[in-house]
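Once you know that position 57 of the sequence shown is 106 in our numbering, the rest is easy, because the numbers rise by one and skip nothing.
Cβ atoms here follow ideal geometry from the backbone N, Cα and C, with glycine treated the same way.
Accompanying notes for the structure given below.
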Amino acid sequence: SPEDARSWIWQSLVLRAQGRDGEAADLLQASNDNIGNRDWPVPVIEWMQGKRTPERLLVAAKSGDPATALRQISEADFYLGEAAYANGDRAAAERLLGQATDAKAPDLLAYAAAKALLAKMARE
50 SPEDARSWIW QSLVLRAQGR DGEAADLLQA SNDNIGNRDW PVPVIEWMQG
100 KRTPERLLVA AKSGDPATAL RQISEADFYL GEAAYANGDR AAAERLLGQA
150 TDAKAPDLLA YAAAKALLAK MARE
């Protein structure tokens, strides 16, 4: 289900933050194998696995009805911002995380995580 997929995504982020990249990759592969539909958040998993470009992730986020698309875009902005931060691209991270927190209809978990990461970056 989409709810299960979302939980696996967040679990993989935690594993990766702990330096357990192999376990994170295994979790994402298992989750992708267990989800039948191709709707959101499956594109996030595929992007995390390197199967989608950031541009294709944003195209997928914009699909669906407008209210859902706005939430999905804010969620995608967080994931892309977190990845930019992990890769040392501070400017892109700040821009994308700012977009996630300034969204008109934010994904609340992504909003909270983006705010926390921006606060951490401000202390660095």
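Asked, Found
"Extract the residue ranges of the alpha helix (DSSP H) inside the segment 85 to 109, only unbroken runs of 4 or more that lie entirely within it.", "91 to 97"
"Measuring only the C-alpha atoms, how far is Pro155 from Asp114?", "15 angstroms"
"Are Ala73 and Ser61 touching if we call contact CB-CB under 7 angstroms?", "yes"
"Just to confirm, are Ile84 and Val91 a CB contact at a threshold of 7 angstroms?", "yes"
"For Trp96, which residues in the same chain have their Cβ closer than 6 angstroms to its Cβ, ignoring the five residues on either side in sequence?", "Leu106"
"According to the Cβ coordinates, are Leu119 and Leu129 closer than 7 angstroms?", "no"
"Kindly indicate the opening and closing residues of the alpha helix (DSSP H) around Ser112.", "That residue, Ser112, is in no alpha helix (DSSP H); it is neither H nor E in DSSP."
"Enumerate in chain order the residues of its own chain whose CB-to-CB distance from Trp89 is below 6 angstroms, with the five nearest sequence positions on each side excluded.", "Gln121"
"Where does Leu157 land, buried or exposed, given buried means 16+ other C-beta within 10 angstroms?", "exposed"
"Within this structure, are the beta carbons of Ala54 and Ser80 separated by less than 7 angstroms?", "yes"
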